[in-house]
Structure formats: C-alpha cells, structure tokens
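S.K.:
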Amino acid sequence: AAPAGWAGTAAGPDTAALERAIAHVPDDDVTAALIRVGGDGSWTGAAGLRSLRTGAAATQDLRFRAGSTTKVVTASVVLQLVAEGRVELDAPVTRYLPGLLPASFTEPPTVRHLLTWTSGLQAGATLGETPEEMYAQRFRTLSPRRVVATAVAKGPAFAPGERQVYQNIDYTVLGLLIEKVTGDSYAHQAERRVLRPLGMRGTGFPAGPDPLIHGPHLRAYAEVGGRTVDVTEWNMSDRWAVGDMISTTADLEKLVRGLFGGRVVPGPLLDRMLTVPDVAGATHGMGLQRFVHDNGTVLWAKTGSRPGYHTVLAATRDLRRTAVYGATARSARHNGLGLASRFALPAFNR
Numbered sequence: 001a002a003p004a005g006w007a008g009t010a011a012g013p014d015t016a017a018l019e020r021a022i023a024h025v026p027d028d029d030v031t032a033a034l035i036r037v038g039g040d041g042s043w044t045g046a047a048g049l050r051s052l053r054t055g056a057a058a059t060q061d062l063r064f065r066a067g068s069t070t071k072v073v074t075a076s077v078v079l080q081l082v083a084e085g086r087v088e089l090d091a092p093v094t095r096y097l098p099g100l101l102p103a104s105f106t107e108p109p110t111v112r113h114l115l116t117w118t119s120g121l122q123a124g125a126t127l128g129e130t131p132e133e134m135y136a137q138r139f140r141t142l143s144p145r146r147v148v149a150t151a152v153a154k155g156p157a158f159a160p161g162e163r164q165v166y167q168n169i170d171y172t173v174l175g176l177l178i179e180k181v182t183g184d185s186y187a188h189q190a191e192r193r194v195l196r197p198l199g200m201r202g203t204g205f206p207a208g209p210d211p212l213i214h215g216p217h218l219r220a221y222a223e224v225g226g227r228t229v230d231v232t233e234w235n236m237s238d239r240w241a242v243g244d245m246i247s248t249t250a251d252l253e254k255l256v257r258g259l260f261g262g263r264v265v266p267g268p269l270l271d272r273m274l275t276v277p278d279v280a281g282a283t284h285g286m287g288l289q290r291f292v293h294d295n296g297t298v299l300w301a302k303t304g305s306r307p308g309y310h311t312v313l314a315a316t317r318d319l320r321r322t323a324v325y326g327a328t329a330r331s332a333r334h335n336g337l338g339l340a341s342r343f344a345l346p347a348f349n350r
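Each residue of the sequence shown is one higher than the one before, counting from 1 in UniProt numbering.
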C-alpha cells in the first residue's frame, strides 16, 4: 500500500529509503508505521491501518504505547533532582530508599549504577514468560513495589559496576526513588518536569491499572496461540516508570529535541547522561544507548516495546538529524532492533 501521507524536503534525510521502508505497510507482520524525521531536513510518513477491524488508515496524530522510551523521561527526572542537589549520583540508593535491600546486598548500588544498568539487581516478577501467559494475565495488577520486592529477594547477580545488563528493574527502583525524594507521584513529576515544559500535550501515563489508551490511537495486535489477537487494552501497572508512557511521534520528537537541546537536563549532566560507563561491552549511557551507523554516524537512541507496539527515538548529539517512530507489529520475535533497522536507521543514511 502507498503511504497514507508524507512530506519531505529535497535536502537532508534519504527520503527515498524512508519511503521504501513503509511502502508495503501493512504487510504480514507490521500493521502500521508512523515515522517523523527532523534536523537539517524533515520528513514524515504514515502507512498502514489504525485498526484491522475498521480498516481505517493510520495517521500521524495517533497515540501509541511508547514502551521503554519512558526510561528517557525517568532518567531526566532523576538528573534534574541531581541538579537541584536533592539526589547524589554516587550515593547508595539506600540513602533514599532505606530498607530497600536485604542483607544479601553487602554493597548497595548507587544512583549512577541504576541509571546505567550496572546495579547488579536481578529481574523481578512479570506477568509471564510466553505471549500466551502474558495475554492471559493482561488485566492483572502487578505493582512496582511487588516487582522490586521479588527482585531484591534474589540477591545481587554481580557487584555494582562490574557489568552492564539492560533490564527494567533498575528504572522501577528509580521510579520509587523519585516518589520518595519528591513526596509526589512519578507521573506528576514526569509531567511537571518534562512533558509540560516541552509541550508534549499528546503524552501521558495510565491512571493506575487503567488498560485503555484514551483519545485517537493505533490499535495493536499480536500472535498468541497461533491466532492474531487485539492487545491494545493492557494493564501496564508493572511497567510504570519503566515503560507505561503513551505518546505520539510529534511528542517524541519534542522530547529528543528538548533533551539534546539542553532544555530538560543541564549541560554538564547531559554530558554524563551520554557517557557510556567503562565496563566491558557497555553501550548504554543513562536512559539512552549509543549506536554507530554503518556510515560512521554516532547516534543516541532508545527503543520501546510493549505487546504489539514498537517505538524508537534517536538523534545525533548535535541534532543534525532526529528520527522517531511508532509502529504496530504482530510478531513476538521483535525486540525493537529489527524494526529500528527498517524504520529509523535510513534516516541517518546521509
């Protein structure tokens, strides 16, 4: 199918490659793709279906679950608290969350360890290990505190700072830290400190266990038990500060431009945010991952994935090029990277 709508400039991004990326959406896996490219040129593309049931076309204004791009907001809030002198990067997390860790943690991780996924914490409880298990439990409430309690009960996997292992638990703990330090909810702090100042009016967080996406949105589908099911409605209580944000491509572009433009995190701390720790094999800074394009371009990005939904925000440090997308794909095999190669990397071809 032809793109539902696109606009580009003659200079700047490789628009031909971007057009090819969405030219056949919807296909046997991807239901919809919304892409927005900015910087020294702009391009937007929307292709596919908003809903399989109605056959309505996907459009750029639609909301979607933004998954782990939420972590960029979480890291930003923590670093604002650092800038205000309310949190110290190298302080043990137990300074702010006393009683968090059992005696098996002889060396508590610091705030910096949590931000850079080098804490040594193990994963906590989940809704299941297979698509079938998760789908059956999709309306169940699994609180962040329960997730953390089951994680710390396992003891540390390794000493803090020894390795970098990307997982959700570090940012669940950071959400608890934000609430403890501010005496306020994570969602309100994120809205007050990041979303509102950047004008991200289409972005927000579910109210507790509310499984709905309110307002116009993409519907998402997944293969479960050999059939395609609608997975749009889902209780995201366990994802919280890790991945429950709902957004749009326009708002994710505002986030990446605001962050890299110094409007969210003060300059010296932004430099720390974009510093990969000196640990073998590490690729993540704080909330973002460093990638090197085949052409040598260095970009900072974050993927996001929730059942049926896949998201990326990416940019060069100087904002010469930005790219964000929200897509819906049925296959459980996606970890975000395959779709990123298809929908985001072409934006950085030149």
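C-beta atoms are modelled at their ideal positions from N, C-alpha and C, and glycine is treated no differently.
Between Thr172, Gly204, Leu198, which lies nearest to alanine 187 when the distance is taken from Cα to Cα?
M.R.: Working through the sequence shown from its first residue, we reach residue 187 at position 187. Nearest C-alpha to alanine 187: Gly204.
S.K.: Indicate the three-state DSSP secondary structure (helix, strand or coil) for tyrosine 166 in the structure shown.
M.R.: The sequence position of residue 166 within the sequence shown is 166, counting from 1. DSSP places tyrosine 166 in coil when its eight states are reduced to three.
S.K.: Is phenylalanine 260 helix, strand or coil by DSSP?
M.R.: Numbered from 1 along the sequence shown, position 260 holds the residue referred to as residue 260. Phenylalanine 260: helix per DSSP, three-state reduction.
S.K.: Comparing C-alpha positions only, which one of Ile178, Phe139, Gly124 sits nearest to alanine 153?
M.R.: In the sequence shown, counting from the first residue as 1, residue 153 sits at position 153. The residue with the shortest Cα to Cα distance from alanine 153 is Gly124.
S.K.: Helix, strand or coil for glycine 338 per DSSP?
M.R.: As a first step, residue 338 must be located in the sequence shown, where it is residue number 338. Glycine 338 falls in the helix class under three-state DSSP.
S.K.: Taking only three categories from DSSP, how would you classify glutamate 88?
M.R.: The residue given as residue 88 occupies position 88 in the sequence shown. The three-state secondary structure of glutamate 88, taken from DSSP, is coil.
S.K.: Taking 8 angstroms as the threshold, find out whether the region 287-298 comes into contact with the region 221-236 through three or more Cβ pairs.
M.R.: no
S.K.: I'd like to know if the region 98-112 and the region 137-156 are in contact, where contact means that at least 3 CB-CB pairs between them fall below 8 angstroms.
M.R.: yes
S.K.: Go through its chain and collect everything with a Cβ distance to isoleucine 169's Cβ below 6 angstroms, but skip five positions before and after it.
M.R.: Taking the sequence shown and counting its residues from 1, one reaches residue 169 at position 169. So the list reads Leu121, Ala123, Gly124, Ala151, once near-sequence residues are dropped.
S.K.: Look up threonine 116 in the DSSP assignment and say whether it is helix, strand or coil.
M.R.: As a first step, residue 116 must be located in the sequence shown, where it is residue number 116. Looking at threonine 116 - three-state DSSP - the assignment turns out to be coil, as it is neither helix nor strand.
S.K.: Which one or two residues does DSSP pair with lysine 302 in a beta bridge?
M.R.: In the sequence shown, counting from the first residue as 1, residue 302 sits at position 302. Paired residues: Leu313.
S.K.: What distance in whole Å lies between the Cβ atoms of serine 119 and serine 305, which are believed to be in contact at a cut-off of 8 angstroms?
M.R.: One-based indexing of the sequence shown puts residue 305 at position 305. One-based indexing of the sequence shown puts residue 119 at position 119. Their Cβ separation, rounded to whole angstroms, is 21 angstroms, which puts serine 305 and serine 119 out of contact at 8 angstroms.
S.K.: Using the rule of at least 16 other Cβ atoms within 10 Å of the residue's Cβ for burial, across every protein chain shown, is arginine 65 buried or exposed?
M.R.: Reading the sequence shown from its first residue, position 65 is the one you call residue 65. Looking at its Cβ environment, which holds 16 or more other Cβ atoms inside 10 Å, arginine 65 is buried.
S.K.: Taking just the CA atoms, how far does leucine 252 sit from leucine 212?
M.R.: If you number the sequence shown from 1, residue 212 lands on position 212. If you number the sequence shown from 1, residue 252 lands on position 252. Rounded to whole angstroms, leucine 212 to leucine 252 spans 20 angstroms at the Cα level.
S.K.: Might you give, ordered along the chain, the residues of its own chain that have their beta carbon closer than 8 angstroms to the beta carbon of arginine 138, omitting 5 neighbours on each side?
M.R.: Your numbering for residue 138 matches position 138 in the sequence shown. Hits under 8 angstroms: Leu127, Pro211, Val231, Glu233, Trp234, Asn235, Pro307.
S.K.: Would you decide whether serine 51 is buried or exposed? Buried here means 16 or more other CB atoms lie within 10 Å of its CB.
M.R.: Your numbering for residue 51 matches position 51 in the sequence shown. With 16 or more Cβ atoms within 10 Å of its Cβ, serine 51 is classed as buried.
S.K.: Aspartate 271: which of Ala21, Val181, Arg317, Thr182 sits nearest, CA to CA?
M.R.: If you number the sequence shown from 1, residue 271 lands on position 271. Measuring from the Cα of aspartate 271, the nearest candidate turns out to be Arg317.
S.K.: Consult DSSP for glycine 267 and reduce its assignment to one of helix, strand or coil.
M.R.: On the sequence shown, position 267 is the one that residue 267 refers to. Note: glycine 267 maps to helix in three-state DSSP.
S.K.: What do you get for arginine 39, buried or exposed, if any count of 16 or more other CB atoms within 10 angstroms of its CB means buried?
M.R.: Position 39 of the sequence shown, counted from the first residue, corresponds to residue 39. Note that residue 39 is glycine in the sequence shown here, rather than arginine. Burial call: buried.
S.K.: Taking its Cβ as the centre, do 16 or more other Cβ atoms sit within 10 Å of glycine 281, making it buried, or is it exposed?
M.R.: Position 281 of the sequence shown, counted from the start, is the residue given in the question as residue 281. Exposed: under 16 other Cβ atoms inside 10 Å.
S.K.: Taking leucine 174 as the reference, which of Thr249, Pro92, Gly226 has the closest Cα?
M.R.: On the sequence shown, residue 174 is found 174 positions in, with the first residue counted as 1. Here the closest residue by C-alpha is Pro92.
S.K.: Thinking just about the alpha-carbon of each residue, which of Pro346, Val279, Glu162 is nearest to the one in leucine 299?
M.R.: Position 299 of the sequence shown holds residue 299. Here the closest residue by C-alpha is Pro346.
S.K.: Let me check understanding here. Comparing Cα to Cα, which of Leu79, Ala222, Val324, Thr31 lies closest to alanine 56?
M.R.: Residue numbering aside, residue 56 sits at position 56 when the sequence shown is read from its first letter. With distances taken between Cα atoms, alanine 56 lies closest to Thr31.
S.K.: Decide if arginine 20 is buried, meaning its Cβ has at least 16 other Cβ atoms within 10 Å, or exposed.
M.R.: Working through the sequence shown from its first residue, we reach residue 20 at position 20. Its Cβ having fewer than 16 others within 10 Å, arginine 20 is exposed.
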